[in-house]
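Working notes, structure below.
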Amino acid sequence: MRQAVMNLEPSVAQQLRRLAPAIVKRDQLNQLLPPPRMLDDVPSCVPTAPAIEGVHSLWRLRSHGTVAPKQKEGLRMKIGWIGLGKIGTAMVLQLRAVGHDVTVHARGQGLEQARAAGAAVSDDYATIAAASDLLGLCLFHDDQVRDVLFGGGALAALPAGAILVNHTTGSPLLAQEIAEHAPDGVATIDAAFSGGETTIEAGKLLVMAGGPAEAVERARSALSAYAGTIVPLGGPGQGQTVKLLNNLLFASNLHNAASLLRIAQQQGLDPADVAKIIGLGSGGSFALRSFESGSSIDDTLARSRPYLVKDVGTLGRTAADAAIDISAFAATLSFFSDHSAPQERIS
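Our numbering puts the sequence shown at residues 3 to 349.
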């Protein structure tokens, strides 16, 4: 690692210098950075494994375009998978493409694709879990997660040394509950993500991982099949918390963008054109780009609404339970609370 960092471009090394003083000790950073090294007056701080990994991740991202290492020989895993919607199926196909042994649950729209890719099939949650080094979940909401792990016995069936990776966006409190009830020797990771099928196929998904750092490292052999950035965030529930905050901000941006484009429309302007123009300036955002396709404002909102209703509602309840003030997002909370999100099959 040190030799690789010594070869960094000066601009990248300088970014590391600016990032690292707040999160790692000066002498540790000096071992990584090329001359000139850190200034003597930089305060020495207590390092954490996630913080050090964050510095290493920045180096990997800037120098290689990826954070998660590719699968290494000898790290082939037996993976159980529950959830074959579009996202879950795309993940399974990537896992099979890099050589992992995968057994999927016999429900979901992607079952035949998974089978064609060489995945085994079982109709019992506990049976899948008992034979897994890693059990992956990619469902729609917390009730489905509870049904699989507690009602279906999957959590109790996991063997010592196994890892549970839950990609379902949901409550941080449920993530903590799962960790508390996991059998001895079983690690749990709430691995919320940002991205879609195209991102998965390119191996560039962002994964926000809450759980033991050691378990996140062991899970990289599987996660790196479809994730390019894997960020360890600390204890159980932290991955879910960051994902919910991400979705709250996206929901707020989407709501504001829609409101702005309605004003433009009332002024006789084409909303898609305005979205493209503003997107080139300081007002641009990922949410605003959603309106560039030419679909109506309502249709664009409708595509994201089921997920945002669920996630914004989850964050609202979580904040209320913890007495956290999120009133700055009151308009967003209201906008995404008056519509029911249709439930999907376990997929």
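Backbone N, C-alpha and C define an ideal beta-carbon position, used for all residues, glycine too.
The structure displayed is predicted, hence computed values, not measured ones.
Classification of residue i by the beta-carbon crowding that lies within 10 angstroms, buried from 16 upward
{"i": "R222", "result": "buried"}
{"i": "R305", "result": "exposed"}
{"i": "F288", "result": "exposed"}
{"i": "R307", "result": "buried"}
{"i": "R264", "result": "exposed"}
{"i": "G2", "result": "For the chain, the structure presents residues 3 to 349; residue 2 sits outside this window and is missing."}
{"i": "D186", "result": "exposed"}
{"i": "G163", "result": "exposed"}
{"i": "F145", "result": "Per the sequence shown, residue 145 should be read as Asp rather than Phe. Answer is exposed; the Cβ neighbour count stays below 16."}
{"i": "S226", "result": "buried"}
{"i": "A204", "result": "exposed"}
Span separating the alpha-carbon of residue i from that of residue j
{"i": "A118", "j": "L160", "result": "26 Å"}
{"i": "A189", "j": "E179", "result": "13 Å"}
{"i": "F338", "j": "S173", "result": "17 Å"}
{"i": "I299", "j": "L290", "result": "11 Å"}
{"i": "K74", "j": "V100", "result": "Its pLDDT being 44, under 50, K74 is placed unreliably in this model, and the coordinates cannot settle the point."}
{"i": "G386", "j": "Q115", "result": "A question about residue 386 goes unanswered here, because the residues of the chain that appear run from 3 up to 349."}
{"i": "I202", "j": "M93", "result": "7 Å"}
{"i": "L262", "j": "L282", "result": "16 Å"}
{"i": "S336", "j": "Q96", "result": "38 Å"}
{"i": "G153", "j": "A274", "result": "47 Å"}
{"i": "M210", "j": "G241", "result": "5 Å"}
{"i": "T320", "j": "P214", "result": "22 Å"}
{"i": "T243", "j": "D323", "result": "14 Å"}
{"i": "Y309", "j": "G270", "result": "31 Å"}
{"i": "I81", "j": "A325", "result": "39 Å"}
{"i": "A2", "j": "L151", "result": "Since the first residue shown for the chain is 3 and the last is 349, residue 2 is missing from the structure and cannot be characterised."}
{"i": "M3", "j": "D272", "result": "Any reading at M3 is ruled out, since the residue's pLDDT is 43, under 50, leaving its predicted position unreliable."}
{"i": "A177", "j": "Q267", "result": "43 Å"}
{"i": "D149", "j": "H169", "result": "15 Å"}
{"i": "A122", "j": "S284", "result": "49 Å"}
{"i": "I403", "j": "A277", "result": "Since the first and last residues shown for the chain are 3 and 349, residue 403 lies out of range."}
{"i": "L207", "j": "N248", "result": "14 Å"}
{"i": "I54", "j": "A193", "result": "Only weak support is given to the placement of I54: the predicted model assigns it a pLDDT of 42, under 50, and the question is left unresolved by the model."}
{"i": "A128", "j": "V106", "result": "12 Å"}
{"i": "A131", "j": "V147", "result": "14 Å"}
Residue(s) in a DSSP beta bridge with residue i
{"i": "K80", "result": "D103"}
{"i": "S284", "result": "DSSP output for S284 lists no bridge partner at all."}
{"i": "F195", "result": "V209"}
{"i": "N168", "result": "L139, D192"}
{"i": "V233", "result": "M210"}
{"i": "A122", "result": "T105"}
Cutoff 8 Å; reference residue i; Cβ partners in own chain excluding five residues on either side
{"i": "M79", "result": "H102, D103, D135, L136, S223, A224"}
{"i": "A184", "result": "L157, L160, L166, T190"}
{"i": "L250", "result": "D313, V314, L317, I328, F331, T334"}
{"i": "E199", "result": "K88, I89, A92"}
{"i": "A260", "result": "F293, I299, T302, L303"}
{"i": "G197", "result": "K206, L207, L208"}
{"i": "R98", "result": "V104, A116, A119, G120, A121"}
Own chain, CB closer than 6 Å to residue i, minus 5 neighbours either side, in chain order
{"i": "T302", "result": "S292, F293"}
{"i": "T334", "result": "A253, S254, H257"}
{"i": "D383", "result": "Here the chain covers residues 3 to 349 and nothing more, so residue 383 does not appear."}
{"i": "L113", "result": "L86"}
{"i": "L77", "result": "S223"}
Close Cβ partners of residue i (< 7 Å) along its chain, the five nearest in sequence each way excluded
{"i": "G286", "result": "I280"}
{"i": "L235", "result": "P52, M210, A211, G212, G241, V244"}
{"i": "R220", "result": "I165"}
Notebook entry, point to check: Below 8 Å, can you find three or more Cβ-Cβ pairs linking the region 138 to 149 to the region 86 to 95?
Noted result: In the pairwise beta carbon analysis, the region 138 to 149 is classified as touching the region 86 to 95: at least three pairs are separated by under 8 Å.
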